[in-house]
Structures are given as C-alpha cells and as structure tokens.
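Residue numbers (our numbering): 1 to 380. We put the beta carbon where it would ideally sit given N, CA and C, even for glycine. Being a predicted model, the structure only gives us computed values, none of them experimental. The structure appears below as structure tokens.
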C-alpha cells in the first residue's frame, strides 16, 4: 500500500510540474508575440509629411498655452537634435553636452529641470556610475552614492529618463516627465508624439483622478502577468469536489481580470491622445490634424494589441496547463499496479482450480503462465 501511495505521489508531482511549466511557456510565447503585433501599428504611426509644417511648428507652443497646463507649473523644453553624420557621432555630441554642460545653457535648463542639483552625476554617469549600477544594482554603497549625487533612490527611473532624453535628441520623439512636470520635445520640423505628450500633461495636471490613473498606468502589464502566473501555478479547481472559491473565480475569469488590470494604461494613453488633439485642433491645418489623428489611433491600437495579447496569454497558458494535465493523468493511470493486480488474481484463481483438478487437467496456456514445472507437465 505504501509503495502504491508513493508511486501516485510521484506521478502527481510529475503531472503538476510538467503541466504548469507547459502553461507558463505557452503564456510567455503569446506575451512575447505582442511586440511583433504592436510594431505593425507603431511603425506606421509616424507622420512623415505635413501640408503646413510651419503652422504645425507654431501649434506646439499655441496648444501648450491653450491647454492651461502652464498655469499648473508644466514646463516645455525643445531639445536640439544631436549633431553628427551617424549615430556614433551623435552620441559623442550628447556626451560632450553632458560633460561640458556650462557651454549649453539651453541644455542645462533641460537637464536641471529633469535632475535638479545633479551636475556631478552627469559628469560621471556615462563613464563609471552607470556601468557600476547596472552591474551591481544591489550594492548599498553604490546606492548611497547615487542617492547623494542625484537625490533619489529610484535608479532605474533616472537611467530610463536619461535614455529617453538621449532618444529625443536622436529622432522624432517626445516625453512627459511626471517627476518634474515637464514636456521635452525634439526641436524638429515634425514631432509626431508632441500633442499626445501634451495630453499626458493635461491628464496629470487638470483632470480629476488624472494623477491616480497616470500613476496606476505605470504598472503597465505587471499586474496582468502576475494574475496569469497565479492562475497557472495555483491548483486547478475544475475537478475538485470542495472548491476554493477565490481560486476558482480567478481561473474562470483570468483573461477578463488581466485585461481589466492593464486597462489603466489604455485609459491613460487613449485620453492623452484625445485631449492633446483637442488642444491642438484650432491651430492645425485640417489635413494635418487628420494625419495626427490617424497616427495616434494607430499608436493606440499598438497599446491595445499589447493588452489583448497579454490577456490572451493568460487564458492560453491556463488552457495548456489543464490540457497537459489531463493528458498526463490519462497516460499515468496506475498501469503497473493494475497489471500486477490482474496477474495476482489469475494466480489465485489457478491455485484454487489446482485443488479440485488433477495436474494433467492444466491446459498448455495455464502451464505456461504459472511455472516451468506445470508448463512441462502441460506439454506431456
């Protein structure tokens, strides 16, 4: 009996481990595909040509003033594009700006707005601090040093902001920084995302609950992914007589819950585009307004496809886990002990018959099954 119990436990462990691993891999595969799907929309979102670029250039400032965010302390900075014939030269130009900040008062204003009192940080970041932090993110000494240099322990956010600042200097890009309440925009003829980033500022500064939604949207897909992983790792409730109601609810509705968890991102991105375009509409050419509107719709569909793939990944992952579990349970249904029991029953039946029958009454098949001695007698 103990052997049978151990065998069953071993099989249950194999089924549980393999089915959960399969579910996680399937969910991750769907989630990974989201980037490919969203890129189909993002790559077509840039506005390549405007009917009236000069009017659009003026619309940046006019829409900013019309939106009333300036009264709430929002700052607008136009970032000069990096100089150079190739990416290497442009990056060197950026490093020169960062290391020799006094020669670029406009840049200094931007950098000080992003990272107050942190000039020492900029002179060292590209050479030493960034490399050390990335290699040793848990080193307390480095953390204290970084905290002293730029006044925050949120290293990843600071490095991300610097990376975003650099990307603005390279291309058609813009950002809204909630930490400094600033909009940074590439000083180029066409800046596709400017009005969208202005919409983020409107959400954050002017709308009721805007800061809450803005901060909640930073979770991105993390909570949705966590719900999917939990649904896969927790024991399945579908075949249990006494069900755990919270787990059953999670597993029956994981796709909907995952989509709902990521919905603040969709709300924030969608309303940012709508409100930014509303502020810009009076100052844009009608043809150019439609181009920006179409661009932002494509970008939103990129976000939507990401959320849909994440939610779909949780559903597919759970279904794969249950499917693999069912297959393994059928394959591993005590075949060894079922056969052993059958042989034992047959043996007992033969021994009982042997009491009532002479040895010669055994058939050839019976003699072959039970022992060499009876097998030999059966053949005589």
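- Close CB contacts of residue 164 within its chain, under the 7 Å cut and outside five residues either way in sequence, are with 175 (chain order).
- The C-alpha of residue 180 lies about 13 Å from the C-alpha of residue 69.
- Under DSSP, residue 174 forms a beta bridge with 185.
- Taking residue 250 as the centre and dropping the five residues before and after it, the same chain places the C-beta of 231 closer than 6 Å to its C-beta, in chain order.
- Boundaries of the alpha helix (DSSP H) harbouring residue 321: 286-331, taken from the DSSP string.
- Annotation: residue 234 is outside any alpha helix (DSSP H) and is labelled neither H nor E by DSSP.
- Cβ contact annotation for residue 221 (same chain, cutoff 6 Å, sequence separation greater than five): 262 and 310, in chain order.
- By the criterion of a C-beta distance shorter than 7 Å, residue 72 is surrounded in its chain by 205 and 206, once the five residues flanking it on both sides are discounted.
- Nearest to residue 272 by alpha-carbon distance, out of 202, 286 and 320, is 202.
- For residue 206, the enclosing alpha helix (DSSP H) stretches over residues 194-206.
- According to the DSSP secondary-structure assignment, residue 79 is paired through a beta bridge with 186.
- The continuous alpha helix (DSSP H) containing residue 247 extends over residues 245-252.
- In the DSSP annotation of this structure, the continuous segment of the alpha helix (DSSP H) that includes residue 65 starts and ends at 53-66.
- For residue 189, the CB contacts under 6 Å within the same chain, skipping 5 residues up- and downstream, are 53 in chain order.
- Under the 10 Å beta carbon count, residue 64 is surrounded by 16 or more other beta carbons and is classified as buried.
- The C-alpha of residue 182 lies about 30 Å from the C-alpha of residue 135.
- For a cut-off of 8 Å, the C-beta gap from residue 330 to residue 22 is around 15 Å, too long to register as a contact.
- If you ignore the 5 residues before and after residue 75, its C-beta comes within less than 8 Å of the C-beta of 113, 180, 181, 182 and 183, all in its own chain and listed in chain order.
- Per DSSP, reduced to three states, the secondary structure at residue 218 is coil, with no helix or strand assignment.
- Approximately 4 Å separates the beta-carbon atoms of residue 279 and residue 67; this is inside 8 Å, confirming the contact.
- For residue 261, the three-state secondary structure derived from DSSP is helix.
- Annotated three-state conformation of residue 179 is coil, per DSSP.
- Contact check for residue 229 against residue 315 fails: the beta carbons are separated by 8 Å or more.
- Residue 194 sits away from residue 277, with the two beta carbons spaced by 8 Å or more.
- Distances from the CA of residue 80 to each of 237, 269 and 93 were compared; the closest alpha carbon is that of 93.
- Secondary structure at residue 96: helix, using DSSP grouped into helix, strand and coil.
- The closest CA to that of residue 269, considering only 307, 286 and 257, is found on 307.
- Cβ neighbours of residue 57 within its own chain (closer than 7 Å, five residues either side excluded): 189.
- Between the C-alpha atoms of residue 244 and residue 11 there is a straight-line separation of about 23 Å.
- Closest in alpha carbon position to residue 284, among 212, 233 and 50, is 50.
- Note that the C-beta distance between residue 304 and residue 266 is below 8 Å.
- Taking a 10 Å sphere around the C-beta of residue 32, we find fewer than 16 other C-beta atoms and assign the residue as exposed.
- Setting aside the 5 residues that flank it on each side, residue 172 is surrounded in the same chain by 46, 186, 188, 190, 191 and 192, each with a C-beta closer than 7 Å to its C-beta; the list follows chain order.
- At a Cβ-Cβ threshold of 8 Å, residue 44 and residue 170 do not count as neighbours.
- For residue 257 and residue 323, the gap between their C-alpha atoms comes out near 21 Å.
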